Amino acid sequence: MNNVIVPPPVPTIAVRNTADTYPVHRIYCVGRNYAEHAREMGHDPNREPPFFFQKNPDTIVPNGGKFPYPDKTHDVHHEIEMVVALGAGGKDISIADALDCVYGYAVGLDLTRRDLQGEAKKMGRPWDSGKGFDQAAPCTTIRPASQIGHPSSARIWLAVDGKIRQDSNVDKLIWSIPETIEHLSGLWELQPGDLIYSGTPEGVGPVEKGETMTGGVDGVGEIEIRIV
Ligand code: MN
Numbered sequence: 005m006n007n008v009i010v011p012p013p014v015p016t017i018a019v020r021n022t023a024d025t026y027p028v029h030r031i032y033c034v035g036r037n038y039a040e041h042a043r044e045m046g047h048d049p050n051r052e053p054p055f056f057f058q059k060n061p062d063t064i065v066p067n068g069g070k071f072p073y074p075d076k077t078h079d080v081h082h083e084i085e086m087v088v089a090l091g092a093g094g095k096d097i098s099i100a101d102a103l104d105c106v107y108g109y110a111v112g113l114d115l116t117r118r119d120l121q122g123e124a125k126k127m128g129r130p131w132d133s134g135k136g137f138d139q140a141a142p143c144t145t146i147r148p149a150s151q152i153g154h155p156s157s158a159r160i161w162l163a164v165d166g167k168i169r170q171d172s173n174v175d176k177l178i179w180s181i182p183e184t185i186e187h188l189s190g191l192w193e194l195q196p197g198d199l200i201y202s203g204t205p206e207g208v209g210p211v212e213k214g215e216t217m218t219g220g221v222d223g224v225g226e227i228e229i230r231i232v
């Protein structure tokens with residue numbers, strides 16, 4: 005039997021300071037997981053159950069890359085996020101077992117066509133065109149948890165052309181990483197290779213062509229992406 009088309013490559017992310025790569029299976033994203041960000045988007049940050057959306061794995065842009073300003077939008081927003089890379093999966097994973105499934109951590113940008121997302125929200129339509137467009141998921145290299153542990157308190161920040169826009173701490177996540185994994189694994193059978201973009205703190209805003217986004221999570225990594 006032959007494939008009738010060339011099989012698409014499996015997207016991969018490098019493991020920092022090694023020749024190793026991490027193949028990406030799926031990208032899950034958590035919505036409104038910091039209270040101040042929920043408020044700035046016009047929502048009550050009380051602990052409603054977490055909700056999720058996905059980006060396709062081939063939307064990954066490696067760190068230091070260029071992000072082409074996408075079509076059909078005039079309002080692309082940055083969202084800096086800590087990214088969890090699973091090394092094991094499962095269904096109905098308990099909070100106690102959740103961190104055992106984590107291979108490592110990275111820093112990502114959940115880039116958003118905010119105008120298209122806003123339109124979709126208003127019409128009760130899916131978010132895909134606002135969230136899942138091509139090259140919507142820049143990500144750093146991964147650092148294994150065996151080296152850095154599981155960050156529960158670390159500064160998370162983003163600057164545009166050197167000016168700080170987002171500045172918070174991952175200890176402000178409404179749903180912690182173990183709680184997020186528990187909820188996600190009730191909805192999907194998680195797999196090794198699944199990435200979780202854990203949500204963004206307040207300070208999201210628009211970026212323009214020619215600007216450079218830099219950001220990071222202390223102890224995890226720093227990202228730099230130029231908009232072209
Ligand atoms: Mn986000």
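The sequence shown begins at 5 in the working numbering and counts up by one.
Yeah, the Cβ is synthetic: ideal placement off N, Cα and C, and Gly gets one too.
The model shown is predicted, which means the values in this text are computed figures rather than measured ones.
Beta strand (DSSP E) segments (min. 3 residues) lying fully within the stretch 6 to 83: Counting whole runs of 3 or more residues, the stretch 6 to 83 contains the beta strand (DSSP E) stretches 16 to 18, 25 to 27, 31 to 34, 56 to 59, 64 to 66, 80 to 82.
Exposed unless 16 or more other CB atoms sit within 10 angstroms - verdict on A23: Here the question's residue 23 lines up with position 19 in the sequence shown. Label assigned to A23: exposed.
Cβ pair count under 8 Å reaching 3, the stretch 69 to 86 against the stretch 158 to 166: Result yes; three or more Cβ-Cβ pairs closer than 8 Å.
Pocket of the ligand MN defined by Cβ to heavy atom distance under 5 Å: The set, ordered by position in the chain, is E83, D114, T204.
Helix, strand or coil at T184 [DSSP, three-state]: The sequence position of residue 184 within the sequence shown is 180, counting from 1. In the displayed model, T184 falls within a helix according to three-state DSSP.
Neighbour-count burial assignment, D198, 16 or more Cβ in a 10 Å radius: Along the sequence shown, one-based indexing puts residue 198 at 194. Buried, since its Cβ has 16 or more Cβ neighbours within 10 Å.
Beta-carbon gap between V208 and Q170 smaller than 8 Å: Your numbering for residue 208 matches position 204 in the sequence shown. Your numbering for residue 170 matches position 166 in the sequence shown. Result yes, Cβ atoms of V208 and Q170 sit closer than 8 Å.
Residue environment, D175, which counts as buried when at least 16 other CB atoms sit within 10 Å: For this step, residue 175 is matched to residue 171 along the sequence shown. When all chains shown are included, D175 counts as exposed.
Candidates I227, S189, L194, F137, of which the one nearest T63 by Cα: Position 59 of the sequence shown, counted from the start, is the residue given in the question as residue 63. The candidate whose alpha carbon is nearest that of T63 is F137.
Touch test, the stretch 119 to 130 against the stretch 66 to 82, Cβ-Cβ under 8 Å, three pairs minimum: yes
Cβ shell of W304 (< 6 Å), same chain only, five flanking positions each side left out: Residue coverage of the chain in this structure runs from 5 to 232, which leaves residue 304 outside it and unanswerable.
Three or more C-beta pairs below 8 Å linking the stretch 185 to 192 and the stretch 94 to 114: yes
Nearest residue (CA-CA) to G219, options A140, K167, P210: Taking the sequence shown and counting its residues from 1, one reaches residue 219 at position 215. Among A140, K167, P210, the Cα nearest to that of G219 is on K167.
DSSP bridge partner residues for E85 (one or two, in chain order): Here the question's residue 85 lines up with position 81 in the sequence shown. According to DSSP, E85 bridges with G112.
Per DSSP, the bridge partner or partners of A141: As a working mapping, residue 141 is identified with position 137 in the sequence shown. For A141, which the question treats as bridged, DSSP gives the partners I64.
Coarse secondary structure for V174, derived from DSSP in three states: For the purposes of this step, residue 174 is taken as the residue at position 170 of the sequence shown. Helix, per DSSP.
Residue environment, A89, which counts as buried when at least 16 other CB atoms sit within 10 Å: On the sequence shown, position 85 is the one that residue 89 refers to. The residue in question, A89, is buried, as its Cβ has 16 or more Cβ neighbours within 10 Å.
Close-in-space but distant-in-sequence residues of the same chain around S98 (CB under 8 Å, 5 per side omitted): Locating residue 98 in the sequence shown gives position 94, counting from the first residue. So the qualifying residues of the chain are E186.
Cut-off 6 Å between Cβ atoms - residues of its own chain near H29, not counting five sequence neighbours on either side: Here residue 29 refers to the residue found at position 25 of the sequence shown. Within the same chain, H29 has close Cβ partners Q195, G197, D198.
Assigned secondary structure, E215 (DSSP; H/G/I helix, E/B strand, else coil): For this step, residue 215 is matched to residue 211 along the sequence shown. Of the three classes helix, strand and coil, the one that applies to E215 here is coil, per DSSP.
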